[in-house]
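Under my numbering, the first residue of the sequence shown is numbered 1164, with each subsequent residue one higher. Here the structure comes first, spelled out in structure tokens, and everything after it is commentary.
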Amino acid sequence: MKALDRNNFLGLTDKSHCDYANCSVIIQQLPYEYTSSYLPGSSKGPAAIVKASEFVETYDEEIDADITEKIGIGTLVPASFNDKVNEEAVNFIANETSELLSDNKFVVSLGAEHTVTFGIVKAFAKKYRNLTVLQIDAHSDLRFSYHDNIYSHASVMARIHEMGLTICQAGIRAQSREEADLIKKADNIHTFYAHQIRQNPLWMEELIAPMSNDVYITIDADGFDPSVIPAVGTAEPNGLFWGETLELLKMVCKERNVVGFDVVECAPVEGSILSEYTLAKLIYKLIGYRFS
């Protein structure tokens, strides 16, 4: 039996709603931060999001339901990485996630740096043989390596690309020429840049079209415009806004089988709760879209 955090997502206390055995959804906290390249602090993101979630209303006016009355949501204690870094950390995450999937849990992972997504996707790809990864992000994260580290947060999607999975990207607006060239020549990477989104009213339909039935979603907090989520390690202007992001997620949940998702790269700012609260609400909205 997995150890549960006494600080449950949404502040749930009723065991019928947050006990591991009774939960359909498990919140996995992965405070791994080793390769941050600008502002540090993402290791504090998972706990800050869980804490802020206590103030999220469980009744959702959009779907006219309280999802916690339908499904249980449990929260694991933060994973302890000790001295594990790079490949060892990734494999640790993959093994932990695989155990949750073996217990038939819908896994929602809260990460520090984006590297954690590689381990998570390794586990999901074993269970879902034809998996698509939807990436909401400011950066394409497709560098072969960054600062001589192939396990850098800036290389996470390169590792996933090497797995042969379909990758669909939304909101990209910062990348190297190496990454741009890879996108142009790769048949399994479908990218909608931020400037293209603004010019194409059908971008969501076109982004979803190449996806397989089973979709895993990874959401880097900097995929949002800094006016929505300011507390990130590497902020970029012209990001996605709240309404259009929810519209995309709702459409993906309606047209495909969303099998899990993560939210990463929130670096809390002292004296502000805007980013972690907004991300907590995003997580609950996406759970609602998936299970309503």
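Think of the CB as a built atom: it goes at the ideal place given N, C-alpha and C, for glycine as much as any other residue. For clarity, every value in this text was computed on a predicted model and none was experimentally measured.
| message | Helix, strand or coil, according to DSSP, for A1321 in the structure here? | response | A1321: helix per DSSP, three-state reduction.
| field | One or two residues paired with F1387 in a DSSP bridge | value | The partner list for F1387 (beta bridge, DSSP) reads L1403.
| said: For the structure I just gave you, are there three or more beta carbon pairs, one from the region 1298–1305 and one from the region 1315–1334, closer than 8 Å? | reply: Yes, since at least three Cβ pairs between the region 1298–1305 and the region 1315–1334 fall closer than 8 Å, the two stretches touch.
| Can you tell me where the alpha helix (DSSP H) with S1438 in it begins and where it stops? | DSSP places S1438 in the uninterrupted alpha helix (DSSP H) bounded by L1437 to F1454.
| query | Can the beta-carbon of D1383 be found less than 9 Å from the beta-carbon of H1324? | reply | Contact annotation: D1383 and H1324 have beta-carbon atoms that are not nearer than 9 Å.
| message | Taking 8 Å as the limit between beta carbons, can you name the residues of its chain near D1388, skipping five residues before and five after? | response | Cβ within range, chain order: P1400, N1401, G1402, L1403 and F1404.
| Any 3 or more C-beta pairs closer than 8 Å across the region 1304–1322 and the region 1233–1247 | Result no; under three Cβ-Cβ pairs closer than 8 Å.
| Near K1448, which residues of its chain fall below 8 Å by C-beta distance, leaving aside the five closest residues on each side in sequence? | Leaving aside the five residues that flank K1448 on each side, the residues in its chain whose CB is nearer than 8 Å to its CB run, in chain order, D1223, E1225, L1409 and L1412.
| query | Below 8 Å, can you find three or more Cβ-Cβ pairs linking the region 1200–1219 to the region 1432–1448? | reply | Contact holds: three or more Cβ-Cβ distances are below 8 Å.
| So what does DSSP say about I1371, is it helix, strand or coil? | Looking at I1371 - three-state DSSP - the assignment turns out to be helix.
| task | Can you give me the start and stop residues for the beta strand (DSSP E) that F1424 sits inside? | result | Note, F1424: beta strand (DSSP E), N1420 to V1427.
| query | Looking at the structure shown, is A1430 part of a helix, part of a strand, or coil, going by DSSP? | reply | Assigned with DSSP and collapsed to three states, A1430 falls in coil, not helix or strand.
| Residues bridged to Y1356 (per DSSP) | Residue pairing by DSSP puts Y1356 in a beta bridge opposite I1335.
| task | Under 8 Å by Cβ, that's how I've got F1424 and I1380 pegged, so tell me the actual separation to the nearest angstrom. | result | Rounded to the nearest angstrom, the Cβ distance from F1424 to I1380 is 4 Å, consistent with a contact under 8 Å.
| query | Which whole-angstrom value is the C-beta distance of K1290 and L1264, which I expect to be below 8 Å? | reply | Beta-carbon to beta-carbon, K1290 and L1264 are separated by about 5 Å, close enough to satisfy the 8 Å threshold.
| field | Top-ranked residue by Cα proximity to Y1195, from D1350, E1433, S1455 and N1245 | value | It is N1245.
| field | Three-state secondary structure assigned by DSSP to L1239 | value | Annotated three-state conformation of L1239 is strand, per DSSP.
| task | My understanding is that T1354 touches I1360, with C-beta atoms under 8 Å, so please give their C-beta distance in whole angstroms. | result | About 11 Å; that fails the 8 Å criterion.
| message | Would you say I1236 lies against chain B (beta-carbon separation less than 9 Å)? | response | The question asks about chain B, but that chain is absent: this structure has only one protein chain.
| Skipping 5 residues on each side, what residues in its chain have a beta carbon closer than 7 Å to that of L1193? | Here the set comprises P1209, A1242, I1256, S1272, L1273, G1274, A1275 and V1279.
| task | Could you name the residues that DSSP lists as bridge partners for L1297? | result | Answer is C1331 and I1380, bridged to L1297.
| R1169 classed as buried or exposed, judged by whether at least 16 other C-beta atoms fall within 10 angstroms | With fewer than 16 other Cβ atoms from the protein chains shown falling within 10 Å of its own Cβ, R1169 counts as exposed.
| field | Integer Cβ distance of A1394 from S1435, believed to fall under 8 Å | value | Confirmed, Cβ separation roughly 7 Å.
| Option in A1349, N1258 and N1249 with minimal Cα separation from D1311 | Taking only the C-alpha atoms, the option nearest D1311 is N1249.
| query | In the DSSP assignment, what residue or residues form a beta bridge with Q1362? | reply | As computed with DSSP, Q1362 is found in no beta bridge at all.
| said: Are the CB atoms of V1415 and V1378 within a distance shorter than 9 Å? | reply: Note that the C-beta distance between V1378 and V1415 is below 9 Å.
| What is the residue span of the beta strand (DSSP E) that V1271 lies within? | For V1271, the uninterrupted beta strand (DSSP E) segment begins and ends at F1269 to G1274.
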